[in-house]
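Trainee: Dropping a structure here in structure tokens format, bear with me for questions.
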Amino acid sequence: MHLPPPDGIAAPARASEAACNPMRLNRWFPRCHLGVLLLPLACLTSTGSTDSFRIEQQVITTSQGAYYWSQSRAAVIPGPVPRVILTTQEIERAGSHGYRDIYLLETNDRGRTWSGPTLIPSLQRARQPDGYDFVMGDVCPLFHARTGVVLATGKTFGFREGRFEDRTRERVSYAVFSPQSSQWSVLRLLALPEVDRAGHPFLAANAGCNQRYDAPDGTVLLPIRYQRDPKVPQYTTIVARCTFDGETLRYVTHGSELTLGRDRGLYEPSITRFGDRYFLSLRADHSSFVARSTDGLNFEPIVEWTFDDGRPLGSYNTQQHWISRPDALYLVYTRRAGTNDHVFRHRAPLFIAQVDPETLRVRRKTERILVREEGADLGAGFGVVDLAPNETWVVTSEIQPQSKSMPLSNRILLARIHWAAP
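The numbers in the sequence shown follow our numbering, run straight up by one, and end at 422.
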């Protein structure tokens, strides 16, 4: 079943759009570069770690208004000095899905100063004639090297009467940022087949909170989750091979249809390539899973995430993302740690550890704290991007403290990973 796109939303596979003029709208911050606080982090977890990298935590900005920042992720535009844009979204302080407008921050000096947050007019939440508010969400921007633009993928949120979320309105959405014009396209929808390989419809499909892989030839491997039955709120995950010409994202094919016969199935998938194989991490309500592939589409059976001693990783009901280095594969995740029961779904601190690509297990002795736990949820929406060969950034936002006595400053945080020279 496919609903027509709301007014003002580009239909699937349609390249034309209205021009967007950048607009400096800032409700809480002056029109100036934001100050930055750098906090070095030592290895706070495993003293047996042999990883040769240094972690530095940075506060990019802090919300001070009726809403707070969520789903903060960065994209790096290559150049002599990399240009970095960061998308973040207003969210209502009560609850987790009150998504509102999307904003942009930018740095041209490797994160020492930032401009913004600046409203993205073409992606504003808007009321439709049928009474639904419609907005893109769970946005994941990434520079598409073949075309020289930033392709941001995600999902659509629909709110009946502006208040009640209707998940049947979810769609795979995307938008394009042109570094040349510094303009964003309108929200667009990816056209999918009517049914999957098993003959089930693609219902409530979305590509939010994930990590995609772009091949050198420009092919996009986009992880997508969807429902097969409107009466069963259970997700199936695929990786879709897509083409992208700098304006329009088009579905070509997909492979394995991965699901789980309990709770909400498998969702919020993230894919990476390490060596000549692809690795897919998947969220489940009670745990998390991983699968391996030689072509990025067809995967071996899923395996529950564990440490190399056989014990469960303890990451559940949230996303995990990858860092693929020339010599090692890493996972960034949250988990039950024995000291974080006060944190919503144990989503802090953020950890980083090596993954054994043969056994598909996390090497416990390599685990380190990437972003400290200070009472807030850090794992609901974070992203990973390589700034340079020797530096990787992990960006996240603080949300949902578990006690009114816990003040929430709602900072957007940046963890810099400085890799040692080979």
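Every residue gets a Cβ at the ideal spot worked out from N, C-alpha and C, and that includes glycine.
These numbers come from a predicted model, not from an experiment.
Is the segment 253-270 close to the segment 307-323, with three or more CB pairs under 8 Å?
Mentor: Remark: three or more beta-carbon pairs, one from each stretch, lie closer than 8 Å, so the segment 253-270 and the segment 307-323 are flagged as touching.
Trainee: Going by beta carbon distance, what residues of the same chain come within less than 8 Å of I77, once the five residues before and after it are set aside?
Mentor: R83, V84, I85, F143, V150 and P179
Trainee: Along the chain, where does the beta strand (DSSP E) that runs through R345 open and close?
Mentor: DSSP places R345 in no beta strand (DSSP E); its state is neither H nor E.
Trainee: Just the C-alpha distance for T248 and D341, rounded to the nearest angstrom, thanks.
Mentor: 44 Å
Trainee: Here's the rule: buried if 16 or more other CB atoms are within 10 angstroms of the residue's CB, otherwise exposed. What is R311?
Mentor: By the 10 Å Cβ count, R311 comes out exposed.
Trainee: Decide if V290 is buried, meaning its Cβ has at least 16 other Cβ atoms within 10 Å, or exposed.
Mentor: Burial call: buried.
Trainee: Are the CB atoms of I120 and Y103 within a distance shorter than 8 Å?
Mentor: yes
Trainee: Tell me the rounded alpha-carbon separation between R273 and T306.
Mentor: 20 Å
Trainee: Any idea what DSSP makes of S256, helix, strand or coil?
Mentor: coil
Trainee: Just to confirm the assignment: which complete beta strand (DSSP E) runs, minimum length 3, are found wholly within the segment 185-264?
Mentor: 203-206, 220-229, 232-244 and 249-254
Trainee: If you draw a straight line from the alpha carbon of T259 to that of V232, how long is it in whole angstroms?
Mentor: 13 Å
Trainee: Distance check for F382 and R262, CA to CA, integer angstroms please.
Mentor: 26 Å
Trainee: Is the separation between the beta-carbon of L370 and that of V395 shorter than 8 Å?
Mentor: no
Trainee: Roughly how many whole angstroms lie between the Cα atoms of Q89 and Q64?
Mentor: 14 Å
Trainee: Express the C-alpha separation of A152 and R169 in angstroms, rounding to a whole number.
Mentor: 19 Å
Trainee: Which whole-angstrom value is the C-beta distance of R112 and H418, which I expect to be below 8 Å?
Mentor: About 15 Å separates the two Cβ atoms, so there is no contact after all.
Trainee: Under 8 Å between the Cβ atoms of T156 and L105?
Mentor: no
Trainee: Would you call the segment 292-304 in contact with the segment 238-258, where contact means no fewer than 3 C-beta pairs closer than 8 Å?
Mentor: Because the criterion of three Cβ pairs below 8 Å is met, the segment 292-304 and the segment 238-258 touch.
Trainee: Cβ atoms of E161 and G439: under 8 Å apart, would you say?
Mentor: Residue 439 lies beyond the residue range present for the chain, which begins at 1 and ends at 422; the question has no answer from this structure.
Trainee: Across which residues does DSSP place S270 in a beta bridge pair?
Mentor: Q211 and S281
Trainee: From what residue to what residue does the beta strand (DSSP E) around I369 run?
Mentor: R368 to V371
Trainee: So for H418, helix, strand or coil by DSSP?
Mentor: When DSSP states are grouped into helix, strand and coil, H418 belongs to the strand group.
Trainee: Taking only the alpha-carbon atoms, compute the straight-line gap between Q227 and V239 and give it to the nearest angstrom.
Mentor: If I take the Cα positions, the gap works out to 15 Å.
Trainee: Out of curiosity, what's the CA-to-CA distance linking G265 and R283?
Mentor: 8 Å
Trainee: Go to Q57, then tell me how far its beta strand (DSSP E) extends in each direction, as first and last residue.
Mentor: Start and end: F53 to T62.
Trainee: Under the DSSP definition of a beta bridge, which residues are partnered with D356?
Mentor: R361
Trainee: Suppose only complete runs of 3+ residues qualify. What are the beta strand (DSSP E) ranges in the segment 80-114, listed by chain order?
Mentor: 83-92 and 99-107
Trainee: On a Cα-Cα basis, can you pick out the residue from V220, L313, P357 and R277 that is closest to R146?
Mentor: Relative to R146, the option among V220, L313, P357 and R277 whose CA is nearest is V220.
Trainee: Between the alpha carbons of G208 and S52, how many angstroms are there, rounded?
Mentor: Here the alpha carbon of G208 sits roughly 32 Å from the alpha carbon of S52.
Trainee: According to DSSP, is E324 part of a helix, a strand, or is it coil?
Mentor: As written in the sequence, residue 324 is Ser, which differs from the Glu given in the question. Strand.
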